[in-house]
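In UniProt numbering, the protein residues as written are 1 to 302. Just so it is clear, CB atoms sit at the ideal spot from N, CA and C, and this is done for glycine as well. On a predicted model such as this, the values are computed, not experimentally measured, just so you know. One structure below.
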Amino acid sequence: MAIEIGEYLHAQEGVELLIVLNPDDDGRDRGQALSLSKRAADWGVRTIQPKGLRKPAQIALLADFDPDLILSCSYARIIPQTVIDLGREGCLNIHFADLPKNRGCLPVVWTLALGAPDLVATLHEITPGIDDGPILMQARSPVSPGTTAEIATGICAKLGAGLFKTYFDAWMRGDAPSAVAQDESVVTYHTMVHPYDRYPPVWLNPTRVANTINALTFPPHPAARLNQSDANDELVLRGPAKPVDGYDGGPIGMISKTDDGWIVVCQGGAVLFSALETDDGQPVVTDGPFFTDVTPVPEYAP
């Protein structure tokens with residue numbers, strides 16, 4: 001998303017960019033994690049890479065640039081009020097959720113795990129709080145069956161890039177939309193925790209189980225898991241996953257190989273998912289069955 005927006009802004013006449021890189025951007029691409037540093041060098045755009053934005057020397061780097069507008073694209077550090085105030089006409093953020101729902105960490109994960117009908121990117125003003133600033137614009141796309149967090153993140157990135165381009169064009173014309181305060185009565189918020197501690201909730205219905213597996217499918221990030229009831233080894237489940245309603249092929253918690261992938265039996269049916277791996281990423285070569293604990297654990301939703 002940052003690359004698409006940066007390329008767009010770099011092509012605009014009369015626009016000067018200063019790109020603040022994430023501290024871990026070492027100029028190399030890693031899967032979907034493309035290096036903004038690498039592209040900025042190709043564009044010939046100035047970059048800085050402070051470890052944070054709180055020390056006077058770090059803030060001075062931005063103050064000397066004297067920005068009209070500041071945009072955060074998944075920046076990995078908290079942006080303090082002293083930096084927010086530097087953007088004369090705004091300090092904005094793109095959050096991959098239908099704010100005010102799913103503020104905080106892992107918004108795509110929670111969007112999928114909770115069965116939301118749409119993926120949403122929200123452009124909002126930055127405040128010292130967490131994703132609670134007034135909303136400028138939103139863009140959305142329906143969630144298709146079997147959508148994993150990896151796929152959803154790519155969709156949200158495209159939504160976010162398009163959203164900012166639309167806003168910037170309007171801003172340059174002098175008719176940018178007004179910000180609207182978020183409805184605090186419907187806020188949800190998540191810290192860095194995963195749904196059900198990453199255990200597929202087989203004690204619930206197939207839709208909840210499939211949603212959880214899909215929400216946790218984005219290699220190399222932590223995936224859905226199970227502890228075998230007769231062993232100490234942990235296995236990893238990966239989507240795409242889809243519910244199979246009315247399935248009656250064994251006790252709840254049983255996992256076995258089928259011609260179409262793997263299937264886990266849950267309350268009222270089963271879920272078909274694509275891969276079962278050992279905890280070191282190796283495919284499971286036997287057909288099972290495996291059995292997982294069916295003791296409910298907290299969802300971690302508010």
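Checklist entry - Is the number of C-beta pairs between the segment 80-94 and the segment 121-136 that are closer than 8 Å three or more? => result yes
Worksheet item: Hey, PHE290 and LEU235 are a contact pair by Cβ (cut 8 Å); roughly how many whole angstroms apart?
Response: Taking the sequence shown and counting its residues from 1, the one referred to as residue 290 is at position 290. Taking the sequence shown and counting its residues from 1, the one referred to as residue 235 is at position 235. With 8 Å as the limit, PHE290 and LEU235 qualify as a contact, their Cβ atoms being about 7 Å apart.
- Query: Which residues in the same chain have their Cβ closer than 7 Å to the Cβ of CYS73, if we skip the five residues on either side of it in sequence?
  - Reply: Translated into the one-based positions of the sequence shown, residue 73 becomes position 73. Cβ neighbours of CYS73 beyond the five flanking positions: MET1, ALA2, ILE5, ILE94.
| Buried versus exposed call for GLY249 [16 or more other C-beta atoms within 10 Å across all chains shown] | Taking the sequence shown and counting its residues from 1, the one referred to as residue 249 is at position 249. Counting Cβ neighbours within 10 Å, GLY249 comes out exposed, since fewer than 16 surround it.
- C-beta atoms of VAL83 and ILE59 nearer than 9 Å: Numbered from 1 along the sequence shown, position 83 holds the residue referred to as residue 83. Numbered from 1 along the sequence shown, position 59 holds the residue referred to as residue 59. The answer is yes: Cβ separation under 9 Å.
Between GLY146, PRO128, VAL45, which has its C-alpha nearest THR212's C-alpha?
The residue given as residue 212 occupies position 212 in the sequence shown. Residue GLY146 is the option with its Cα nearest to THR212.
Next item on the list: Please go through the segment 101-153 and give each complete beta strand (DSSP E) segment of 3 or more residues, from N-terminal end onward.
Entry: Here the runs fully enclosed are 118-125, 135-142.
**Prompt:** According to the neighbour-count rule (16 or more other Cβ atoms, all chains shown, within 10 Å of its Cβ), is GLY253 buried or exposed?
**Reply:** Here residue 253 refers to the residue found at position 253 when the sequence shown is read from its first residue. Classification for GLY253: buried.
**Request:** Report the rounded CA-to-CA distance for ASP233 versus THR286, giving the unit in angstroms.
**Result:** Taking the first residue of the sequence shown as position 1, residue 233 is located at position 233. Taking the first residue of the sequence shown as position 1, residue 286 is located at position 286. Roughly 14 Å separates the two Cα atoms.
Cβ separation of TRP110 and HIS10, assumed to be a contact under 8 Å, to the nearest whole Å
As a position in the sequence shown, residue 110 is number 110, starting the count at 1. As a position in the sequence shown, residue 10 is number 10, starting the count at 1. Not quite, the Cβ-Cβ distance comes to about 33 Å (not below 8 Å), so this is no contact.
For GLY154, collect the residues of the same chain with a Cβ closer than 7 Å to its Cβ; drop the 5 residues on either side in sequence, then sort them by chain order. As a first step, residue 154 must be located in the sequence shown, where it is residue number 154. Around GLY154: GLN32.
What residue from LEU106, ASN22, GLY115 has the CA that sits closest to ILE79's CA? Within the sequence shown, the letter at position 79 stands for residue 79. Closest option to ILE79, Cα to Cα, is ASN22.
Give me the residue from ALA57, ARG77, ASP85, ALA76 with the minimum Cα distance to ILE70. Taking the sequence shown and counting its residues from 1, one reaches residue 70 at position 70. For ILE70, the nearest C-alpha among the options comes from ASP85.
Checklist entry - Between GLY44 and VAL294, what straight-line distance do the alpha-carbon atoms span, to the nearest angstrom? => result What you label residue 44 is simply residue 44 of the sequence shown in a count that begins at 1. What you label residue 294 is simply residue 294 of the sequence shown in a count that begins at 1. C-alpha separation (whole angstroms): 56 Å.
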